[in-house]
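Below: the structure, in structure tokens.
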Amino acid sequence: MLHLGAPKSGTTYLQSVIWNSRQRLYDAGVLVPGTRRFDHTRAASAVCSPRPEHVRPRSRYAVWDRFVRSAAEWPGTVLVSDEWFVAATAEQAARALDDLAGAEVHLVVTARDFVRQVPAAWQEELKLGNASSMTQFVVGLDDSARKWSWATLDAAEVLTRWAGSLPADRVHVVVVPPAGAPRDLLWHRFATACRIDPALGSADVVQANESLGVEAARLLQELGPSLRDAVEADHAHWAGQYRWLRRYLGHDLLVPLGGDKIGLDRETIDLVRHRTRASTKAISAAGWDVVGDLDELAQATFSESLRHPDSVTAEEMLEVAEELIPKLLGRVRTQTLRAEALQAALADAQRPAPRLAAVHRVLRRLRRVLPRNG
13 MLHLGAPKSG TTYLQSVIWN SRQRLYDAGV LVPGTRRFDH TRAASAVCSP RPEHVRPRSR
73 YAVWDRFVRS AAEWPGTVLV SDEWFVAATA EQAARALDDL AGAEVHLVVT ARDFVRQVPA
133 AWQEELKLGN ASSMTQFVVG LDDSARKWSW ATLDAAEVLT RWAGSLPADR VHVVVVPPAG
193 APRDLLWHRF ATACRIDPAL GSADVVQANE SLGVEAARLL QELGPSLRDA VEADHAHWAG
253 QYRWLRRYLG HDLLVPLGGD KIGLDRETID LVRHRTRAST KAISAAGWDV VGDLDELAQA
313 TFSESLRHPD SVTAEEMLEV AEELIPKLLG RVRTQTLRAE ALQAALADAQ RPAPRLAAVH
373 RVLRRLRRVL PRNG
């Protein structure tokens, strides 16, 4: 069972349930390979990259190779899940399926209403300091060369590249339930598509990929380039921007501030509605297994309770900054005091005890005397 994505379609929630339930799944014959969730991201990266001639044993390609062996050798179900398998080209997808030829491969894609998915995708860009406006972001979705595009968000496009010659009953589209549905309904639909007993999933402690309020998102849009410069995002290792911009600034500091939810304007909603109709029509025509109701992908409508980022005022951004700056100063102070305490402790540990210091003095004198005396 290869869960391809798409991003911002409940994948973080599903992966949290999978990993919280890993032992229970294993006991029931469902193997989740790897030792940590990031191994699945490394496997997706291997699939979506050209393979070099020489591969280090611990590289992402080696991780994918281990997953392939697991699929061939495990007597039950092997479940792999990462949202960035969607980035594979048709050629890369075909190569991955060839690698898995020894197994009965099923593809799973989670499909979400674009009216909710597009704003969620836009604010993920902002968390990495990319400062395009919502309007620019939506226009850029037509560029399939971009990380965030219809090629990665639209289940029909993803599966057109991936499905190849697989029988239609081995290709599964899981519809993300509309807002207000029971929290565990997505897991139940996903487990059903994967031929897994939903009762095996432990959703007691789950992680969701939380969203920014529209005011914080608009502030990030303004500050993005400066923030990227501050962490040298364009030159340092890619993990740095995820650590400092996305996780620390975005999730640790800004998400808890809350705010109004991000929404699309009426014109953009009409545009994505057209995309929804084309996508659901293609899914139905392909005959793929659909878990849920495709009509749910068109249920979200314009709501006055959601705000377009362009409506955020300078005063509202200033209010966010006024809350953010004291938090940053407090964190800097805490970390500085902690570092100073650690430095002092290390200095004390390196300072010899009084009696030991006397022994050191004797040894130094002996070293000066012994060479002269032979």
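Under our numbering, the first residue of the sequence shown is numbered 13, with each subsequent residue one higher. Built from N, CA and C at the ideal position, the CB exists for glycine as well.
1) Measuring from the CB of Ser291, is there a heavy atom of the ligand PLP at a distance below 6 Å?
2) According to DSSP, Gly17 sits in a beta bridge with which residue or residues?
3) Can you tell which of Glu95, Ala100, Ala56 has its C-alpha closest to the C-alpha of Val80?
4) Of all the options Ser323, Leu368, Glu244, Gln362, which has the alpha carbon lying nearest to the alpha carbon of Gly141?
5) Let me know if Val344 comes out buried or exposed under the rule of 16 or more other beta-carbons within 10 Å of its beta-carbon.
6) Rank Arg230, Trp256, Gln104 by C-alpha distance to the C-alpha of Gly275 and give the top, closest one.
7) With 16 other CB atoms within 10 Å as the buried threshold, where does Phe97 fall?
8) Answer yes or no: do Lys20 and Gln129 have a C-beta to C-beta separation smaller than 7 Å?
9) For Tyr38, which residues from the same chain have a beta carbon less than 8 Å from its beta carbon, with the 5 sequence-adjacent residues on both sides left out?
10) What three-state label does DSSP hand Leu232 in the structure shown?
11) Spatial neighbours of Val226 within its chain, please: C-beta separation below 7 Å, excluding the five flanking residues on both sides.
12) Would you give the residue range spanned by the beta strand (DSSP E) that Val44 belongs to?
13) Assuming Leu232 and Leu138 are in contact, meaning their beta carbons sit under 8 Å apart, how far apart are those beta carbons, in whole angstroms?
14) May I have the straight-line CA-CA distance separating Ala84 from Gln253, to the nearest angstrom?
15) Quick test of the definition: if touching needs 3 or more C-beta pairs under 8 Å, does the stretch 182 to 197 touch the stretch 111 to 121?
16) Whole angstroms are fine: how far does the CA of Val302 sit from the CA of Ala18?
17) For Arg350 and Leu265, I'd like the C-alpha separation in whole angstroms.
18) According to DSSP, simplified to helix, strand and coil, what is Asp301?
19) Below 8 Å, can you find three or more Cβ-Cβ pairs linking the stretch 163 to 174 to the stretch 100 to 108?
20) Give the C-beta separation of Val187 and Gly22 to the nearest angstrom, bearing in mind that I take them to be a contact with Cβ-Cβ under 8 Å.
21) Between the alpha carbons of Ala251 and Met146, how many angstroms are there, rounded?
22) Could you check the C-alpha separation between Val267 and Ala228 for me, to the nearest Å?
23) For Ser33, count the other beta carbons within 10 Å of its own beta carbon; 16 or more makes it buried, fewer makes it exposed. Which is it?
In short, the structure shows the following:
1) As for the ligand PLP, it is missing from this structure, which has no ligand bound.
2) Looking at the DSSP assignment, Gly17 forms a beta bridge with Val121.
3) When only C-alpha atoms are compared, the closest one is Ala56.
4) Distances from the alpha-carbon of Gly141 to those of Ser323, Leu368, Glu244, Gln362 put Glu244 closest.
5) Exposed is the call here.
6) Ranking Arg230, Trp256, Gln104 by Cα distance to Gly275 puts Arg230 first.
7) Within 10 angstroms of the beta-carbon of Phe97 lie 16 or more other beta-carbons, which makes it buried.
8) Yes. Within cutoff.
9) Cβ neighbours of Tyr38 beyond the five flanking positions: Val44.
10) It is helical.
11) Scanning its chain for C-beta atoms nearer than 7 Å, with the 5 sequence neighbours on each side dropped, one finds around Val226 the residues Gly271, Asp272, Lys273, Ile274, Arg319, Pro321, Val324, in chain order.
12) Note, Val44: premise wrong, no beta strand (DSSP E); not H, not E.
13) Between the beta-carbon of Leu232 and that of Leu138 there is about 4 Å, and that keeps the pair under the 8 Å contact cut.
14) C-alpha separation (whole angstroms): 37 Å.
15) A contact is defined here as three or more CB-CB pairs under 8 Å, and the stretch 182 to 197 meets this definition with respect to the stretch 111 to 121.
16) Inter-residue distance for Ala18 and Val302 is about 15 Å (C-alpha atoms, whole angstroms).
17) A direct Cα-to-Cα measurement between Arg350 and Leu265 gives close to 20 Å.
18) Note: Asp301 maps to strand in three-state DSSP.
19) As far as the Cβ criterion goes, the stretch 163 to 174 touches the stretch 100 to 108, which means the pair count is three or higher.
20) Not confirmed; about 10 Å, so no contact.
21) For Ala251 and Met146, the gap between their C-alpha atoms comes out near 25 Å.
22) Distance from the CA atom of Val267 to the CA atom of Ala228, rounded to whole angstroms, is 8 Å.
23) Label assigned to Ser33: buried.
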